[in-house]
Each structure stands twice: as C-alpha cells, then as structure tokens.
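Taking it in order: structure first as structure tokens, then the write-up.
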Amino acid sequence: NEFGTFQFGLDRQITIKDGLIGMSKYRKFVLIDLNHPKFPGFFLLQSTETNDLRLLVLPVDFTNGDFYEKGEIESVCESIALKPENTTCFLVVSVMFTEQNQKILTVNAKAPLLVSTDSREGAQLVLQNEKYQVQTPLAR
C-alpha cells in the first residue's frame, strides 16, 4: 500500500465484534505502527479479511482529560465490558485538502475505536456528547 509493505502474524489480530461503523462486514484487523516520518505516532488499521480496507488511526490518551472529558471514555469502556486500564483509544484519521491544496488532518472524535490490550477485542462506538465532531482538526 502507500505506506509500504508489512508482514504480521495473525497472533496480532484484533477482533472488532460489530465491525467498524459503516463496514460491519469486516471484523478482523491488525494494528501496524507506521513508524513513518510524515505520520509519527500513527498506526495503520489493516483488515485481515481484505487488502482493500485500511485506515490511518491515531492513539490518544483518554485518561488525562486533554482530549476527552475525564472519565467519559472510562465509562464507555465499562459499559462494553472493557477494562479502561487495559484499553487503548484510537481515532480514525482523514486527510483533507483545502482549495489551496494544503493538507489538513482531521480525526473522528465522535466515534473512537476502543481496543483491549488483554483480549485483543475492540469496538467502535458513537459518543452521545455533542462536543465531539466527526471531523475534528488535528493540531500537529
């Protein structure tokens, strides 16, 4: 793909029980640390069921109150039987271009992807808080 060639074992596979929003057919993925100079800290969420489905995602710390209100993601984790202390929150990234052809990165803060580091299971949920938007500009 556009980020290079990756090899991974299926022991790294994660299962998103209901699939991603709008793509429920696909439930098996791997998270690949891009280690890419243009996208430091970003991961690739690659389907193991089709080569054509991959998303750029960014992990965010949900415990410090900087991005999400303190306790909000923890409550969501507990409501779907994930332990907050063993859960990583990822946001799906979109790359958009202005009329001047400037690149803008946005994240979907409205529908975070929560992945358990213990069970390797995850879920993408829509948050009810109107504060979070589908296209939140990413300050980088």
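Using our numbering, read the sequence shown as starting at 148 and increasing by one per residue. Quick reminder that beta carbons are idealized off the backbone N, C-alpha and C, glycines included. All of these numbers come straight from a predicted model, not from anything done at the bench.
**Q.** Extent of the continuous alpha helix (DSSP H) run through residue 219
**A.** 219-226
Q: Just mark residue 174 as buried or exposed, buried being the case when its beta carbon has 16 or more other beta carbons within 10 Å.
A: buried
Q) Can you tell which of 246, 286, 222 and 247 has the C-alpha that lies nearest to the C-alpha of residue 236? A) 222
Q: Using a threshold of 8 Å, state whether the C-beta atoms of residue 282 and residue 226 are closer than that.
A: no
Q.
Checking 8 Å against the spacing of the C-beta atoms, do residue 260 and residue 271 come in under that value?
A. yes
Q: Would you mind listing the beta strand (DSSP E) stretches within the segment 148-209 that are 3+ residues and don't spill past its ends, in chain order?
A: 161-163, 175-180, 190-194 and 201-207
Q | Three-way DSSP call (helix, strand, coil) for residue 259 in this model | A | coil
Q: Compute the beta-carbon to beta-carbon distance between residue 204 and residue 238, rounded to the nearest angstrom, for a pair I have assumed lies under 8 Å.
A: 6 Å
Q. Assuming residue 157 and residue 195 make a contact with CB atoms under 8 Å, what is their CB distance in whole Å?
A. 7 Å
Q) With DSSP run on the structure shown, which of helix, strand or coil describes residue 268? A) strand
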